[in-house]
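K.L.:
Residue numbers (our numbering), protein chains in the order written: chain A, 52 to 256; chain B, 26 to 394.
The structure is given below, and queries will be raised subsequently.
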């Protein structure tokens with residue numbers, strides 16, 4: 052897969068791919084159709100595994116040629132050893148987890164660095180919906196409150212606190228809108244929050 | 026195919042002279058890179074795919090292997106081989122022991138999964154296959170595929186292990202021993218030499234199969250198919266108050282047992298269950314499967330079925346975990362199928378699609394013409 056293809060397919064993934072080092076050993080938790088990992092393998096000489104629970108996504112990932120492990124991340128990441136990965140990706144998945152804190156601690160355990168993204172609940176259209184007394188339904192949260200795979204809602208500011216608490220140092224974070232970085236008032240204007248994190252107690256050799 | 030040079034077995038015994046039955050499908054390509062070995066489970070044979078002339082002779086994995094099927098014989102040269110000790114043509118306990126001039130019977134040496142793989146490797150040599158595109162099997166066949174990747178790391182590019190386990194649990198062994206006891210205590214077993222007495226320990230085999238069969242089905246599947254339905258309920262919807270057949274499930278299991286006892290060999294059943302019990306590649310590595318797999322080179326597809334309680338998904342995950350620890354390339358599918366252990370032989374779109382997708386990958390990486 053070429054960068055241009057990823058860029059067209061998923062601009063947010065294309066942006067995030069810049070943060071992954073060449074040759075990194077990567078775990079992509081909630082890897083979906085495997086497009087990201089496939090790009091990292093072919094475009095950035097990375098290796099690694101995707102974790103995915105949905106049958107159709109596991110099949111798509113297999114077709115793309117990535118190593119996909121069908122597993123419910125909600126069960127934890129016990130299959131993987133401590134510090135097994137240079138980079139753990141958890142992209143637009145964490146908000147579907149019941150036990151976000153425990154999962155984040157799993158990510159800290161198996162990886163040295165992590166990139167986590169989730170829909171920013173503080174995005175301005177969501178705020179307007181709430182001011183009108185309604186749960187937001189938007190492009191980044193395209194579900195009715197009673198029928199959504201998302202069980203957790205967070206803002207950029209909220210996630211910063213949790214990441215710190217779980218032993219992660221926030222190296223960088225951005226808010227994306229349509230795959231582009233929002234510099235001015237990110238927590239208001241960005242629909243997708245993306246955090247670049249590093250394990251705090253990692254001893255750098 | 027006949028092999029004259031003796032094969033030394035794991036037990037220390039030697040089998041001097043033997044024949045392996047095999048079948049092939051498709052064509053071996055010029056660079057001999059498209060060969061796939063299919064390893065069979067307990068009661069199957071070299072007849073993996075296609076149909077013989079007589080009726081009801083479809084290969085045991087005919088839904089998986091054939092032209093245009095997930096293991097596409099228009100692309101791959103597929104080999105099915107009957108293992109040593111079996112009763113479908115390869116040398117087994119019913120054949121003449123050259124040392125005594127009588128059938129081996131219980132004197133047939135106990136063979137292990139590793140012994141089978143060693144014999145299969147000799148067959149591959151003879152067929153001119155240095156490296157398989159894939160070695161694949163379900164259940165006991167999956168153990169053979171896994172053993173291939175450990176014993177001959179360079180001789181396979183892909184290892185496909187379905188509904189299998191890195192070793193039997195105490196419960197698995199217990200079921201196997203009940204089956205063996207049923208055979209061994211059948212008066213017609215005659216210490217394994219029943220051939221010369223013109224009898225067959227049919228009751229023992231039947232009970233062995235009934236016990237085994239229970240472990241192949243899921244509780245839900247059995248409940249749905251049989252429930253507490255009474256046999257001949259339409260005639261007389263009441264219990265019989267005797268020890269004949271009341272319930273449908275009894276009738277079904279007895280029928281399966283009877284059918285099995287007509288074609289399967291009692292000594293083979295003992296041998297194969299023993300091979301299952303003994304399989305444990307981690308054993309010589311202090312119980313570490315991770316270490317047992319450290320010299321492997323193949324890429325793996327591991328698949329399990331959610332309702333399989335014989336070799337449950339947890340058992341497949343043990344293999345996956347050990348492969349991950351070794352950073353092997355591995356794809357793992359956990360298929361939500363209702364049919365228990367038997368699911369690996371049955372048609373299921375999710376299962377077939379994954380295997381197909383994986384074989385497409387094998388085909389593409391090989392540089393399809």
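We put the beta carbon where it would ideally sit given N, CA and C, even for glycine.
If you measure beta-carbon to beta-carbon, which residues of the stretch 83-110 of chain A are closer than 8 Å to chain B?
P.N.:
98, 100, 106, 109 and 110
K.L.:
Taking 8 Å as the CB-CB cut-off, is residue 116 of chain A touching chain B?
P.N.:
At least one beta carbon of chain B lies nearer than 8 Å to the beta carbon of residue 116 of chain A.
K.L.:
Under 8 Å Cβ to Cβ from residue 236 of chain B, same chain only, skipping five residues before and after it: list those, please.
P.N.:
200, 203, 204 and 207
K.L.:
Measuring CA to CA, which of A:118, A:198 and A:87 is closest to residue 59 of chain A?
P.N.:
A:87
K.L.:
Do residue 171 of chain B and residue 141 of chain B have their C-beta atoms closer together than 8 Å?
P.N.:
no
K.L.:
Terminal residues of the continuous alpha helix (DSSP H) containing residue 210 of chain A?
P.N.:
207-216
K.L.:
Which residues in the same chain as residue 148 of chain A place their Cβ atom closer than 8 Å to its Cβ, once the five residues preceding and following it in sequence are excluded?
P.N.:
Taken in chain order, the residues that qualify are 124, 125, 154, 202 and 203.
K.L.:
Thinking just about the alpha-carbon of each residue, which of A:83, A:208, A:144 and A:244 is nearest to the one in residue 171 of chain A?
P.N.:
A:244
K.L.:
Give the residues of chain B in contact with residue 130 of chain A, contact being defined as C-beta atoms less than 7 Å apart.
P.N.:
342, 345, 346 and 349
K.L.:
Beta-carbon of residue 375 of chain B versus every beta-carbon of chain A: anything under 8 Å?
P.N.:
yes
K.L.:
Could you spell out the range, first to last residue, of the alpha helix (DSSP H) harbouring residue 106 of chain A?
P.N.:
106-115
K.L.:
So, is residue 292 of chain B buried or exposed, given that buried needs 16 or more other C-beta atoms within 10 angstroms?
P.N.:
Residue 292 of chain B sits buried, since 16 or more C-beta atoms from the chains shown fall within 10 Å of its C-beta.
K.L.:
Looking at the structure shown, is residue 252 of chain B part of a helix, part of a strand, or coil, going by DSSP?
P.N.:
coil
K.L.:
Can you give the beta carbon distance from residue 76 of chain A to residue 136 of chain A, rounded, assuming they're within the 8 Å contact cut?
P.N.:
5 Å
K.L.:
Taking C-beta pairs closer than 7 Å, name the residues in chain B that residue 126 of chain A reaches, listed in chain order.
P.N.:
Taking a Cβ-Cβ threshold of 7 Å, none of the residues of chain B is close to residue 126 of chain A; the smallest such distance is about 10 Å.
K.L.:
Could you check how far apart the C-beta atoms of residue 218 of chain B and residue 123 of chain B are, in whole angstroms? I think they sit under 8 Å.
P.N.:
Their Cβ separation, rounded to whole angstroms, is 17 Å, which puts residue 218 of chain B and residue 123 of chain B out of contact at 8 Å.
K.L.:
What three-state label does DSSP hand residue 394 of chain B in the structure shown?
P.N.:
Residue confidence is low: residue 394 of chain B scores 46 on pLDDT, short of 50, so the model does not pin down where it sits. Its coordinate-derived value is still stated next. If DSSP states are grouped into helix, strand and coil, residue 394 of chain B belongs with coil.
K.L.:
Relative to the alpha-carbon of residue 208 of chain A, which residue among A:246, A:110 and A:231 has its alpha-carbon at the smallest distance?
P.N.:
A:246
K.L.:
Based on Cα-Cα distance, which residue from A:105, A:65 and A:212 lies nearest to residue 90 of chain A?
P.N.:
Ranked by Cα distance from residue 90 of chain A, the options A:105, A:65 and A:212 are led by A:65.
K.L.:
Expressed to the nearest angstrom, what Euclidean distance is found between the alpha-carbon atoms of residue 93 of chain B and residue 351 of chain B?
P.N.:
34 Å
K.L.:
Rounded to whole angstroms, what is the Cα-Cα separation between residue 330 of chain B and residue 27 of chain B?
P.N.:
38 Å
K.L.:
Taking the alpha-carbon positions, what's the residue 181 of chain B to residue 58 of chain B distance?
P.N.:
10 Å
K.L.:
Mind checking who residue 329 of chain B pairs with in its DSSP beta bridge?
P.N.:
B:359
K.L.:
Give me, in chain order, the residues of the same chain whose beta-carbon lies closer than 6 Å to that of residue 343 of chain B; leave out the 5 immediate sequence neighbours on both sides.
P.N.:
191, listed in sequence order.
K.L.:
Would you list, in sequence order, the uninterrupted beta strand (DSSP E) runs of no fewer than 3 residues that lie entirely inside the stretch 157-231 of chain A?
P.N.:
Listed in chain order, they are 162-170 and 219-228.
K.L.:
For residue 208 of chain B, which residues in chain A fall below 9 Å Cβ to Cβ?
P.N.:
Those do not exist, as residue 208 of chain B stays about 38 Å from chain A at its closest Cβ, beyond 9 Å.
K.L.:
Since residue 119 of chain A sits in a beta bridge, which residues does DSSP pair it with?
P.N.:
A:101
K.L.:
Whose C-alpha, out of A:105, A:160, A:238 and A:117, is nearest the C-alpha of residue 129 of chain A?
P.N.:
A:160
K.L.:
If I measure Cβ to Cβ from residue 117 of chain A and keep anything under 6 Å in the same chain, skipping five residues before and after, which residues do I get?
P.N.:
85, 88, 89 and 101
K.L.:
In whole angstroms, what is the alpha-carbon distance linking residue 240 of chain A and residue 233 of chain A?
P.N.:
7 Å
K.L.:
Tell me, which residues are paired with residue 128 of chain B by DSSP?
P.N.:
B:121
K.L.:
Along chain A, which residues have their Cβ under 8 Å away from the Cβ of residue 420 of chain B?
P.N.:
Lying outside 26 to 394, the shown extent of chain B, residue 420 of chain B is not represented and no answer is given.
K.L.:
Using a Cβ cut-off of 8 Å (strictly closer), state whether residue 199 of chain A contacts chain B.
P.N.:
no
K.L.:
Taking residue 273 of chain B as part of the beta strand (DSSP E), name the residues at either end of that continuous run.
P.N.:
Looking at the DSSP string, residue 273 of chain B is not in any beta strand (DSSP E); the run it does join, the alpha helix (DSSP H), is 273-288.
K.L.:
Return the CA-CA distance between residue 229 of chain B and residue 141 of chain A, expressed in angstroms with no decimal places.
P.N.:
55 Å
K.L.:
CB residue 391 of chain B to CB residue 158 of chain B, shorter than 8 Å?
P.N.:
yes
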